[in-house]
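In order, the protein sequences belong to chains A and B. The C-terminal residue of the first sequence carries number 79 in my numbering, and the numbering is unbroken. The C-terminal residue of the second sequence carries number 158 in my numbering, and the numbering is unbroken. Glycine included, C-beta positions come from ideal geometry on N, C-alpha and C. Given the structure is predicted, the values throughout are model-derived calculations rather than measurements. The structure appears below as structure tokens.
There are 2 protein chains.
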Amino acid sequence: MKAKVQVFLKPGVLDVQGKAVEAALHGLGWADVSGVRVGRTIEFDLTETDAAKAEAEVKAMCDKLLANTVIESYRVEIA
Amino acid sequence: MKAKVQVFLKPGVLDVQGKAVEAALHGLGWADVSGVRVGRTIEFDLTETDAAKAEAEVKAMCDKLLANTVIESYRVEIA
């Protein structure tokens, strides 16, 4: 199965990278852009064929390695 | 409208961050993981209300700032 994990800073946490991108876009003339958030996406293949088991496995990976759950939240998609 | 941009290294380009994550996951006991690719996601709000115009605008942003099109490809989602 294919797994896709999206990791973002939690809403209350200042996203400096997002602020920098927003300032750069404004500087280039796109003044209508707001609320920029930058996160990371991790995609990979799993040999597990059961979607529920795969999701549980990927969530465990997120908690242990892929996300810093103190300041980051994650979304898991299995396909 | 909400825009979501996903930027990944092109298939032929070595993804060192992905390789590092893959090695770490194998080290933690998830041996069934393969083909890890790490990309970034940029989410933001646009005041533009026409989906086609918004998409064209976001693609221009990608070409100019958000992605390095020599080594990276991007996907745009407008919602």
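- Burial check for G97 (chain B): the Cβ neighbour count within 10 Å reaches 16 or more, so the residue is buried.
- Under the Cβ criterion of 9 angstroms, K89 (chain B) is not counted among the residues facing chain A.
- Contact with chain B is absent for D63 (chain A), since none of that chain's Cβ atoms lies less than 9 angstroms from the residue's Cβ.
- Using a Cβ-Cβ cut-off of 9 angstroms, E101 (chain B) counts as an interface residue toward chain A, since at least one Cβ of chain A sits closer than that to its own.
- Per DSSP, the continuous alpha helix (DSSP H) segment holding G97 (chain B) begins and ends at V95 to G106.
- With a threshold of 16 other beta carbon atoms within 10 Å, T69 (chain A) falls short and is exposed.
- Excluding the 5 residues flanking it on each side, V33 (chain A) has same chain C-beta neighbours closer than 8 angstroms at E22, L25 and H26, in chain order.
- Each residue's CA atom was taken as its position, placing L145 (chain B) and K132 (chain B) some 18 angstroms apart.
- Listed along chain B, no residue sits closer than 7 angstroms to S73 (chain A) by beta-carbon distance, the nearest being about 13 angstroms off.
- Nearest CB-CB separation between D129 (chain B) and chain A: not below the 9 angstroms threshold.
- Taking 8 angstroms as the upper bound for CB-CB distance, V5 (chain A) and I42 (chain A) are in contact here, some 5 angstroms apart.
- Listed as beta-bridge partners of K2 (chain A) by DSSP are A:D45.
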